[in-house]
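K.L.:
Residue numbers (this note's numbering): 1 to 97.
The beta carbon of each residue, even a glycine, is placed where N, CA and C say it ideally should be.
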Ligand SMILES: [Zn+2]
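1. Just to confirm, is the Cβ distance from residue 69 to residue 49 under 8 Å?
2. If we require 3 or more residues per run, which beta strand (DSSP E) segments fall completely within the stretch 49-78?
3. Considering only C-alpha positions, which residue in the set 7, 11, 57 and 62 is nearest to residue 73?
4. Please say whether residue 18 and residue 38 have beta carbons closer to each other than 8 Å?
5. Within the same chain, show all residues whose beta-carbon is closer than 6 Å to that of residue 32, passing over the 5 residues directly before and after it, in chain order.
6. State buried or exposed for residue 76, treating a residue as buried only when at least 16 other CB atoms are found within 10 Å of its CB.
7. At a cut-off of 7 Å, would you count residue 32 as near ligand 1, judging by its Cβ distance to the nearest heavy atom?
8. Helix or strand or just coil, what does DSSP make of residue 37?
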């Protein structure tokens, strides 16, 4: 596949949307994102992920933190599983989990 590949994005419904240049993960999920999620939606997820990491003080060395992000990723991109964790900016610095 080349960088110019087009896909139909399952998240925003756009047809002929630009695919990611390469799978973001080296596993089935990464391949699926490459096939089903457009670049714009992936960028939105990266913003969201950064907010989650900052908001919840995630340490990505920890398996629990990575699992937490995966659950949120599936919810955010594919609408699967439980709802993503809320980010209530009015509660900044006052959230525990
Ligand atoms: Zn999209």
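P.N.:
So, to answer that:
1. In contact: residue 69 and residue 49 (Cβ atoms closer than 8 Å).
2. Segments of the beta strand (DSSP E) lying fully in the stretch 49-78: there are none.
3. Among 7, 11, 57 and 62, the Cα nearest to that of residue 73 is on 11.
4. Cβ distance < 8 Å, so residue 38 and residue 18 count as in contact.
5. Within the same chain, residue 32 has no close Cβ partners at all.
6. That one is buried.
7. Every heavy atom of ligand 1 is 7 Å or more from the Cβ of residue 32, so no.
8. DSSP places residue 37 in coil when its eight states are reduced to three.
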